[in-house]
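Residue numbers (this note's numbering): 587 to 720. Heads up: the structure comes next, in structure tokens.
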């Protein structure tokens with residue numbers, strides 16, 4: 587069966603991005619390989635939900651912008667819409683941890699038929715849903 591393994595996210599600096607996604611958002615660094623040309627293959631992914639296999643979810647390929655056009659897309663890759671959805675098995679725990687780590691929630695927590703959700707910005711202004719499914 588096919589699945590989406592990686593989604594590219596254009597960033598300005600590898601180490602700054604790694605720190606944000608691993609420390610503030612609680613992701614794990616899955617790979618950081620020097621490609622020999624000044625670029626790196628950097629993959630982060632959410633830690634596994636309780637009761638699921640680790641490392642099996644979609645990861646983010648953190649790609650450092652190479653030119654002005656790519657730099658202009660940082661933080662605007664989805665045109666200002668929520669473009670990323672981070673599922674959690676404990677919304678209150680993760681919301682509190684992320685808030686304490688300085689993550690900015692831009693919309694209040696809502697309880698919808700599909701689950702509990704709040705919108706936050708990552709380091710670059712990309713919008714994410716933190717979502718605990720119903």
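Backbone N, C-alpha and C define an ideal beta-carbon position, used for all residues, glycine too.
Buried versus exposed, by CB contacts within 10 Å (16 or more), residue i
| i | result |
| --- | --- |
| residue 671 | exposed |
| residue 632 | buried |
| residue 697 | exposed |
Sub-8 Å separation of residue i and residue j beta-carbons
| i | j | result |
| --- | --- | --- |
| residue 657 | residue 715 | no |
| residue 629 | residue 592 | yes |
| residue 684 | residue 634 | no |
| residue 607 | residue 646 | yes |
Beta-bridge partners of residue i, as assigned by DSSP
| i | result |
| --- | --- |
| residue 614 | 631 |
| residue 702 | 697 and 718 |
| residue 619 | 627 |
Bounding residues of the beta strand (DSSP E) (the contiguous stretch that carries residue i)
| i | result |
| --- | --- |
| residue 600 | Run containing residue 600: none in the beta strand (DSSP E); it sits in the alpha helix (DSSP H), 600-605. |
| residue 650 | 645-650 |
| residue 608 | No beta strand (DSSP E) contains residue 608, which DSSP labels as neither H nor E. |
| residue 594 | 592-597 |
| residue 709 | Premise fails: residue 709 is in no beta strand (DSSP E) and is neither H nor E. |
| residue 668 | 668-673 |
Element boundaries [alpha helix (DSSP H), containing residue i]
| i | result |
| --- | --- |
| residue 659 | 654-659 |
| residue 623 | It is not in any alpha helix (DSSP H) - residue 623 carries neither H nor E in the DSSP assignment. |
| residue 680 | 677-686 |
Cut-off 8 Å between Cβ atoms - residues of its own chain near residue i, not counting five sequence neighbours on either side
| i | result |
| --- | --- |
| residue 621 | 627 |
| residue 663 | 595, 596, 669 and 712 |
Spatial neighbours of residue i in its chain, beta-carbon cut-off 7 Å, leaving aside the 5 residues before and after
| i | result |
| --- | --- |
| residue 710 | 597, 660 and 661 |
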